[in-house]
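Step one of this worksheet: look at the structure below.
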Amino acid sequence: MKERAIPWVFLLILVSLIAFPFIVALLTGSSPLGVARGDRMIMRGESVRWQAVLIEIFLLGILAMSYNLIFGFTGVISFGHALFFGMGGYTIGLLLEFTDLDTTSALIFGLIGGLALAALLGLIIGLVSLRLQGVYFAIFTLAVAEMFFIFFGRLQLTRAEDGFAITDLPVWLDPTQSRLTFYYIVLAVFVLTFVFIRRLVNSPTGAVFKAIRENEDRASAIGYNPLTYKLIAITIGGVFAALAGILQVILNKKVGPELLSVTYTVDPLLMTIIGGIGTFTGPVIGASGLHLLDTALREQIVTIGSTTIRVADSWSLLLGLIFIAVVLIFPQGIVGTWMRWRARRVRLSSPPKGAENPVQADH
Amino acid sequence: MNASIILETHHLSKQFGGLVAVNDISLHFERGALHSIIGPNGAGKTTFFNLLTGKYRPTSGTVIYKGEDITRQPVFQRARRGIGRSFQITNIFPNLTVLENVRLSAQALSSINFRFFRTALSYDQYIRRAYEILELVGLNDSALLPANALPHGGKRKLELAILLAADPELLLLDEPTAGMASEQVPELIQTINALRQASQGAKTIIMVEHNMNVVMNISDRITVMHLGSVLAEGTPAEIAANKTVQSVYLGELYGDYGRGQSA
Numbered sequence: 028m029k030e031r032a033i034p035w036v037f038l039l040i041l042v043s044l045i046a047f048p049f050i051v052a053l054l055t056g057s058s059p060l061g062v063a064r065g066d067r068m069i070m071r072g073e074s075v076r077w078q079a080v081l082i083e084i085f086l087l088g089i090l091a092m093s094y095n096l097i098f099g100f101t102g103v104i105s106f107g108h109a110l111f112f113g114m115g116g117y118t119i120g121l122l123l124e125f126t127d128l129d130t131t132s133a134l135i136f137g138l139i140g141g142l143a144l145a146a147l148l149g150l151i152i153g154l155v156s157l158r159l160q161g162v163y164f165a166i167f168t169l170a171v172a173e174m175f176f177i178f179f180g181r182l183q184l185t186r187a188e189d190g191f192a193i194t195d196l197p198v199w200l201d202p203t204q205s206r207l208t209f210y211y212i213v214l215a216v217f218v219l220t221f222v223f224i225r226r227l228v229n230s231p232t233g234a235v236f237k238a239i240r241e242n243e244d245r246a247s248a249i250g251y252n253p254l255t256y257k258l259i260a261i262t263i264g265g266v267f268a269a270l271a272g273i274l275q276v277i278l279n280k281k282v283g284p285e286l287l288s289v290t291y292t293v294d295p296l297l298m299t300i301i302g303g304i305g306t307f308t309g310p311v312i313g314a315s316g317l318h319l320l321d322t323a324l325r326e327q328i329v330t331i332g333s334t335t336i337r338v339a340d341s342w343s344l345l346l347g348l349i350f351i352a353v354v355l356i357f358p359q360g361i362v363g364t365w366m367r368w369r370a371r372r373v374r375l376s377s378p379p380k381g382a383e384n385p386v387q388a389d390h
Numbered sequence: 055m056n057a058s059i060i061l062e063t064h065h066l067s068k069q070f071g072g073l074v075a076v077n078d079i080s081l082h083f084e085r086g087a088l089h090s091i092i093g094p095n096g097a098g099k100t101t102f103f104n105l106l107t108g109k110y111r112p113t114s115g116t117v118i119y120k121g122e123d124i125t126r127q128p129v130f131q132r133a134r135r136g137i138g139r140s141f142q143i144t145n146i147f148p149n150l151t152v153l154e155n156v157r158l159s160a161q162a163l164s165s166i167n168f169r170f171f172r173t174a175l176s177y178d179q180y181i182r183r184a185y186e187i188l189e190l191v192g193l194n195d196s197a198l199l200p201a202n203a204l205p206h207g208g209k210r211k212l213e214l215a216i217l218l219a220a221d222p223e224l225l226l227l228d229e230p231t232a233g234m235a236s237e238q239v240p241e242l243i244q245t246i247n248a249l250r251q252a253s254q255g256a257k258t259i260i261m262v263e264h265n266m267n268v269v270m271n272i273s274d275r276i277t278v279m280h281l282g283s284v285l286a287e288g289t290p291a292e293i294a295a296n297k298t299v300q301s302v303y304l305g306e307l308y309g310d311y312g313r314g315q316s317a
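Below is the structure:
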């Protein structure tokens with residue numbers, strides 16, 4: 028059996044995403060670079076506005092994919108994912124704003140340091156707590172993440188709950204001046220994350236991840252140490268979450284304890300469940316769907332009879348309703364349900380042995 | 055150390071609270087033999103079995119495998135040393151394909167597990183090995199089905215295939231006929247005999263089993279447990295002739311003989 032080639036659909040999507048800023052620019056008559064004012068660029072116009080939307084989708088996608096590696100492919104429920112995201116952000120922010128390093132060094136060390144710190148945290152948390160099973164591990168990770176959230180919410184050095192702004196970005200990286208460049212940087216990281224996780228999950232190591240998810244007892248009875256593989260998954264997942272956190276800080280030019288809040292655990296969790304647990308495209312579809320809905324609906328004001336509702340105020344409520352609806356209609360998530368439906372069709376329409384039709388599709 | 059002994063236990067005991075489930079058992083298991091452990095329900099067979107697999111740590115006593123003390127080794131380390139086990143209740147990877155179930159087991163003892171960027175499917179040798187085993191147990195037609203789509207008998211075969219794919223030296227079988235329809239039992243006996251013949255005395259089997267037909271037919275030695283202790287040990291003929299065994303155990307079991315299928 029040969030390795031499956033990258034499906035052409037993925038290539039088509041990639042090309043569309045590369046062309047996206049220019050397509051929007053053409054359709055709306057705006058410039059993909061924004062509007063020039065003196066020697067500065069002002070981020071105004073439809074193209075740059077939509078670039079921002081997609082950048083956020085990519086970031087949430089990276090975060091959701093990293094969560095899915097731990098939760099969907101290895102079967103470990105962690106409620107502490109925000110810890111990795113936030114600590115990545117704080118590392119680069121602190122190096123940029125609170126050290127004497129020049130900007131380039133601060134960016135390089137911030138990137139390496141943020142990822143290394145996430146890996147270290149993943150290893151430590153895993154070693155300390157992975158012997159706990161299921162929900163106990165989840166609670167432990169939640170407690171650790173909340174501890175950091177409270178700590179940074181009170182740390183005067185980093186301006187406590189106000190956080191601090193990033194002022195020291197080079198022009199080429201600054202999303203408020205060169206958004207198109209940043210768009211391509213984040214797109215590249217997003218694609219790399221997707222390819223990396225897909226290769227990892229399809230590797231011999233990834234096969235063991237799935238075995239542990241399916242049946243931990245059996246996996247250890249045939250000679251795999253579940254602890255080792257869970258540690259690998261949590262560490263790698265944590266590193267990618269930190270990468271998303273670093274990019275998020277650059278995007279918003281702001282660091283604050285909200286990066287460590289439970290939102291950045293719950294969002295990727297919901298996106299993964301809505302898109303499809305343990306599928307490659309599910310978390311990305313979940314992230315895109317939720318963020319597009321958020322963007323489209325947030326400014327809306329709905330009037331029913333004499334009641335006026337600003338969607339922004341009840342976004343959580345709406346999100347909850349969407350979540351309930353999706354879970355009821357697509358019990359395996361959007362992608363998971365679709366794959367199951369397709370697998371059933373393949374099985375029904377082929378000879379009963381089904382030997383020529385692998386049931387596990389590659390999505 | 056006696057090279058013909060593959061596994062031995064010394065004064066092995068396991069207590070759960072006030073209950074002594076296994077009480078001071080010292081046994082040795084000969085290399086190449088099929089050694090069955092029988093006894094009425096509650097005799098401590100399953101606990102003893104789990105002390106051998108590493109699922110439980112004994113309260114006292116030691117387990118020696120090939121001259122080495124493995125008492126404190128976890129399940130996965132024992133598996134890596136060549137101790138494979140099957141489960142009484144079917145214990146497979148339900149949402150993976152039948153082939154993947156077996157391939158994972160073939161891969162387990164190699165060093166490729168930590169290669170992150172090779173596609174698992176590119177490891178032809180493990181796939182070939184998995185197909186060989188599937189052919190042996192008669193499941194090669196279902197290789198690409200999800201494991202939970204197999205009928206019950208197929209799952210039992212898969213259970214055995216997962217065990218065999220790792221090529222263990224010592225096979226611990228936990229009630230292999232449990233839940234099997236009686237017409238499937240001869241097939242299982244045949245597979246076990248074929249396996250032993252093919253290995254030419256290199257494989258040792260320790261089996262906990264309720265079905266007396268199976269036990270009397272294929273065992274080289276039998277240990278009878280009762281209330282956590284060893285009541286008798288010997289060849290099938292000796293056990294069948296043992297008066298004590300007959301009184302406390304065989305009589306009771308022959309009473310519901312033919313039940314066989316219930317666990």
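Residue numbers (the numbering used here), protein chains in the order written: chain A, 28 to 390; chain B, 55 to 317.
Beta carbons: idealized from backbone N, C-alpha and C, even for Gly.
Checking the DSSP bridge columns, you'll see residue 119(B) partnered with 61(B) and 122(B). Remark: C-beta atoms of residue 99(A) and residue 305(A) approach each other more closely than 7 Å. Note that the region 151-162 of chain B touches the region 191-203 of chain B; at least 3 beta-carbon pairs, one per stretch, sit closer than 8 Å. Neighbours of residue 245(A) across chain B, judged by C-beta separation under 7 Å: 145, 146 and 147.
Counting every other CB atom within 10 Å of its CB across the protein chains shown gives residue 351(A) a total below 16, marking it as exposed. Looking at the backbone, the Cα of residue 311(A) and that of residue 318(A) are separated by about 10 Å. Secondary structure in the region 132-201 of chain B: the alpha helix (DSSP H) runs of 4 residues or longer, each lying completely within the stretch, are 152-161 and 178-191 in chain order. Annotated as proximal: residue 247(A) and residue 129(B), with beta-carbon spacing under 7 Å.
Counting other Cβ atoms within 10 Å of its Cβ, residue 213(B) reaches 16 or more and is therefore classed as buried. According to the DSSP assignment, residue 95(B) belongs to no beta strand (DSSP E), since it is labelled neither H nor E.
For residue 106(A), no beta strand (DSSP E) segment is defined, and its DSSP state is neither H nor E.
Proximity of the region 253-260 of chain A to the region 120-133 of chain A falls short of the contact definition, fewer than three beta-carbon pairs being nearer than 8 Å. Identification of chain A residues near residue 216(B) by a Cβ-Cβ cut-off of 7 Å yields 249, ordered along the chain. DSSP, read as helix, strand or coil, puts residue 173(A) in helix. If you compare the alpha carbons of 283(B), 284(B) and 244(B) with that of residue 271(B), the shortest gap goes to 244(B).
For the C-beta of residue 252(A), the chain B residues within less than 7 Å are, from N- to C-terminus, 130. Under the criterion of beta carbons closer than 8 Å, residue 120(A) and residue 282(A) qualify as touching, at roughly 3 Å. If you draw a straight line from the Cα of residue 245(A) to the Cα of residue 77(B), it is about 28 Å long.
Only exposed fits residue 183(A), as fewer than 16 other CB atoms lie within 10 angstroms of its CB.
For residue 179(B), no Cβ of chain A is located within less than 7 Å of the residue's own Cβ. According to the DSSP secondary-structure assignment, residue 331(A) is paired through a beta bridge with 334(A).
With respect to the 7 Å criterion, residue 123(B) and residue 113(B) are not classified as neighbours on the basis of their beta carbons. The C-alpha of residue 108(B) is placed about 24 Å away from the C-alpha of residue 249(B). Setting aside the 5 residues that flank it on each side, residue 82(B) is surrounded in the same chain by 59 and 62, each with a C-beta closer than 6 Å to its C-beta; the list follows chain order. Under the three-state reduction of DSSP, residue 87(B) is assigned to coil, being neither helix nor strand. Taking a Cβ-Cβ threshold of 7 Å, none of the residues of chain B is close to residue 95(A); the smallest such distance is about 16 Å. Against residue 162(B), the close residues of chain A are 249, 250 and 251, in the order they occur along the chain (beta-carbon pairs closer than 7 Å).
Between residue 298(A) and residue 91(A), the gap from beta carbon to beta carbon is short of 7 Å. Using a Cβ-Cβ cut-off of 7 Å, residue 232(B) does not count as an interface residue toward chain A, since no Cβ of chain A sits closer than that to its own. Taken in chain order, the complete alpha helix (DSSP H) segments of 4 or more residues contained in the region 205-248 of chain A are 206-229, 231-241 and 243-248. In the displayed model, residue 70(A) falls within coil according to three-state DSSP, outside both helix and strand. With the criterion set as a beta carbon lying under 8 Å from some beta carbon of chain A, the region 77-98 of chain B has no members that meet it. The continuous alpha helix (DSSP H) containing residue 146(A) extends over residues 130-156. In this structure, residue 140(B) sits near residue 228(B), with a CB-CB distance shorter than 7 Å.
Membership of residue 255(A) in the alpha helix (DSSP H) is indicated by the continuous run 253-279. A check of alpha carbon separations from residue 114(A) across 270(A), 224(A), 322(A) and 295(A) identifies 270(A) as the nearest.
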